[in-house]
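Here is the structure we will look at, set down as structure tokens.
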Amino acid sequence: MNATAADTRATPPLRTLNPNPRRAYEIRVTLANAPGPFEVVEGTAQFDVINAAQCGKIQPLSGAVPTIASHEPFALSRVSDTEYVGTIHTDAILDQDYYGRGVCRWALTEARVRLRAHAGQAGTRFVAGLPAQQIIAAGSKTRYFWKGYYPSYEQREFGDFGSEHLQAVSADKRDEFFTITLTARETTP
């Protein structure tokens with residue numbers, strides 16, 4: 034019997050969310066010199082199973098074990114025109130034995146934000162991330178984005194992941210960029 038799209042949608046996710054997470058981190062998004070407003074500001078926390086080779090489902094033909102990952106959305110609340118804040122939990126997913134091969138251990142990989150000028154329209158997705166190590170260390174990370182991609186690039190979907198620095202950009206062109214800075218700090222659940 035072949036699986037249909039409806040069967041796929043009805044399949045529950047592999048992971049189980051922790052009903053009582055304890056390790057909370059505030060993620061603050063700060064925009065500087067943005068070319069205009071953003072109607073869509075979304076957050077996602079990526080979790081990966083760190084021992085998938087020992088606990089994951091073995092592929093019958095190759096014997097390989099694919100990566101096991103989950104992308105959990107988190108809400109970002111508008112603080113001002115240039116600032117948003119949300120909370121993630123590093124223990125958001127429960128460790129479990131999914132395939133009878135041992136307990137799969139989940140770990141936070143990264144928190145990401147995605148901003149778009151308009152909801153429901155094609156346009157540039159400006160994406161910035163903060164790795165788990167920097168989240169736990171209460172760190173921050175700034176990405177630079179060219180304003181020319183706002184609100185869209187050639188009227189189509191386009192993902193811009195920005196640049197870490199502007200060293201290759203001449204000083205007289207640096208005002209053509211805006212920044213997205215993600216900052217983390219531990220907080221209470």
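Heads up: the sequence shown begins at 34 in the numbering used here, then just goes up one per residue.
All C-beta atoms in this analysis are idealised placements derived from N, C-alpha and C, irrespective of residue type, glycine included.
Given the structure is predicted, the values throughout are model-derived calculations rather than measurements.
Given that a residue counts as buried once 16 or more other Cβ atoms are within 10 Å of its Cβ, and exposed if not, what is residue i?
i: A78; result: buried
i: I91; result: exposed
i: A36; result: Residue placement at A36 is flagged as unreliable, the pLDDT there being 44, under the threshold of 50; the coordinate-derived value follows with that caveat. It is exposed - the Cβ of A36 has fewer than 16 other Cβ atoms within 10 Å.
i: H198; result: exposed
i: A171; result: exposed
i: I210; result: Here residue 210 is Phe; the residue named in the question, Ile, does not match the sequence. Burial call: buried.
In this structure, does DSSP put residue i in helix, strand or coil?
i: E59; result: strand
i: Y132; result: coil
i: G192; result: strand
i: R138; result: coil
i: G172; result: coil
Smallest Cα separation from residue i: which of the options?
i: L29; options: S196, D208, G181, T63; result: This structure cannot speak to residue 29, because the chain is shown only from 34 to 222.
i: Q167; options: L141, Y177, W179; result: L141
i: R48; options: F80, T157, V118, Y183; result: F80
i: T175; options: P184, G195, T157, G181; result: G195
So, at 6 Å on beta carbons, what are the nonlocal neighbours of residue i in its own chain, with the 5 sequence-adjacent residues on each side left out?
i: A152; result: E72, V73
i: V146; result: V62, G76, A161
Beta carbon of residue i: closer than 7 Å to some heavy atom of the ligand ADP?
i: T142; result: The model depicted lacks the ligand ADP and carries no ligand whatsoever.
Using the Cα positions of residue i and residue j, report the straight-line distance between them to the nearest angstrom.
i: T214; j: L94; result: 44 Å
i: Y186; j: E219; result: 37 Å
i: D40; j: E190; result: Note that D40 scores 44 on pLDDT, short of 50, meaning its location in the model is unreliable; the coordinates nonetheless yield the value given after this. Going by the C-alpha atoms only, they are around 28 Å apart.
i: T115; j: A65; result: 7 Å
i: G133; j: C88; result: 8 Å
i: A102; j: D208; result: 38 Å
i: G76; j: E143; result: 11 Å
i: E59; j: S113; result: 16 Å
i: Y117; j: W139; result: 27 Å
i: K180; j: Q154; result: 18 Å
i: D128; j: T221; result: 22 Å
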